[in-house]
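Read through the structure below, which is laid out as structure tokens, and then see the notes.
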Amino acid sequence: MLERKLPNDPGFGRLHRPTVPRRARVAFGRPGVESGWPVCSAATPSPPYTNPRALPLPLHGERRRRRRCRTPGVHVFAADDNPPGKMINLFKIKGQKKDEAADTNGRPAAKKQSPGELRLHKDIAELNLPKTTKITFPNGKNDLMNFEATIKPDEGYYMGGKFVFTFQVPPAYPHEAPKVKCKTKVYHPNIDLEGNVCLNILREDWKPVLNINTIVYGLNLLFSQPNDEDPLNHDAAAVLRNDPKNFERNVRRAMAGGYVGETQFPRCL
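With full-length UniProt numbering, the residue at position 251 of the sequence shown is 251, and numbering never jumps.
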């Protein structure tokens, strides 16, 4: 580094470093910009030499208000800042991912199936239905948890009839039994006038190893062998127990759309 002699300094004639008076000290330019020597006054004692590059640089505009975040490439701005571009709302990222999951036709992506739906899908694929039974899906194949089973008995008291049962499968299936109701009003000792079905495997005897196929065969058995020992329609059960011939006449009258006692039944032949 070059050293400069000041002619008015008492120590003129010996080498010393240039000094900057406190009242004459000015802010130097930015790093990398060449600055001139500051003017020194002989009337002011010379303070220790100050390196211009060591002086603090003023911060301007956005640099003063910006705070750095530990996440690389992400900056946090104060409320009075106007950062360039559009700020990304991180809370909308999840929604954007859902939108991106839509297929090219604009339809939403398929919903992930629950364990109950997966098990039901397997049970339906493995159905071995009797020829008297047909299963339909009124809400389409996308709604497997709600379907209907139509039974047309080919023997017994109810031969020739057509009876529709609704199945509502709970999310906890197969740990919970499906809810089954008879949609067709029928004169039957094990089916009441509201459509509730008395089938032991739908209640206390249900086990996760059972499936839809088991229930379908149980419903078919109700029509071929009605049970008067555990009835829901006690009047029909009493007639079946005491007078089977009269019970058969009542069944034929009910399926034809006639009256049994004071109750009228819809035609289901």
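A virtual CB, placed ideally from N, CA and C, is assigned to each residue, including glycine.
query: Given F223, which residues of its chain have a CB within under 7 Å of its CB, disregarding the five upstream and five downstream residues?; result: I151, P153, G156, Y158
query: Identify the continuous beta strand (DSSP E) that holds K245 and give its terminal residues.; result: Run containing K245: none in the beta strand (DSSP E); it sits in the alpha helix (DSSP H), 244-255.
query: Skipping 5 residues on each side, what residues in its chain have a beta carbon closer than 6 Å to that of T136?; result: E148
query: Compute the beta-carbon to beta-carbon distance between A254 and F265, rounded to the nearest angstrom, for a pair I have assumed lies under 8 Å.; result: 4 Å
query: Closer than 8 Å is the cut-off here; do at least three beta carbon pairs connect the stretch 211-230 with the stretch 172-181?; result: yes
query: Should the stretch 190-197 be called in touch with the stretch 111-121, which here means at least 3 C-beta pairs below 8 Å?; result: no
query: Nearest to N200 by alpha carbon, out of T184, L232, Q113?; result: L232
query: For the alpha helix (DSSP H) that E117 lies in, which residues bound it at each end?; result: 115-125
query: Under 8 Å Cβ to Cβ from P208, same chain only, skipping five residues before and after it: list those, please.; result: P174, H175
query: Taking buried to mean at least 16 other C-beta atoms within 10 Å of its own C-beta, is residue 274 buried or exposed?; result: Since the first residue shown for the chain is 1 and the last is 269, residue 274 is missing from the structure and cannot be characterised.
query: Have a look at T184 and E229 and give me their C-alpha separation to the nearest angstrom.; result: 23 Å
query: Any idea what DSSP makes of V186, helix, strand or coil?; result: coil
query: Taking all protein chains shown into account, do 16 or more other C-beta atoms lie within 10 angstroms of the C-beta of D205, making it buried, or fewer, making it exposed?; result: exposed
query: Could you please give the first and the last residue of the uninterrupted beta strand (DSSP E) stretch that includes N227?; result: Segment: none, N227 is in no beta strand (DSSP E) and carries neither H nor E.
query: With which residues is A146 paired in a DSSP beta bridge?; result: Per the sequence presented here, residue 146 reads as Asn, with Ala not at that position. Beta-bridge pairing links N146 to Q168.
query: Express the C-alpha separation of N146 and T263 in angstroms, rounding to a whole number.; result: 29 Å
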